[in-house]
Amino acid sequence: MSGQGPTAGSITVAAIAGLATGLLVAALLVAGREPQRRMYEVGTTPSLVTTSRSVGPVTVTVPGSAPEPLVVTRTSTPAPRTVTRTVTPLPTSTELPPSTTTGFRID
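Set out below in structure tokens:
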């Protein structure tokens, strides 16, 4: 059957194979990479220096006032009420109003 294009199934298989190949290459690149050096991995040992100083008591004054108490007011709203009414239309008249042939209005 020559002259036919790729089918949806063959495109899907090719896409999945390409994705799997890409993931495999990425995993191999990450696995083969040399780990990064950390800051403490150096050839010499750092010397430890301890310094201590004594400081007298310190008083800290912060201007301001005590916060006001929080007041929470809860209001409850009653549930809406549903009213169903049946309305019967009034009987309508089939009579037409009298037609006026003149252009004047009579009150």
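Heads up: the sequence shown begins at 590 in this note's numbering, then just goes up one per residue. The C-beta atom is built at its ideal place from N, Cα and C for all residues, glycine as well. Quick caveat, the model's predicted, so the values are computed rather than measured.
Helix, strand or coil for residue i? Go by DSSP, reduced to three states.
| i | result |
| --- | --- |
| residue 645 | coil |
| residue 653 | coil |
| residue 668 | coil |
| residue 679 | coil |
| residue 640 | coil |
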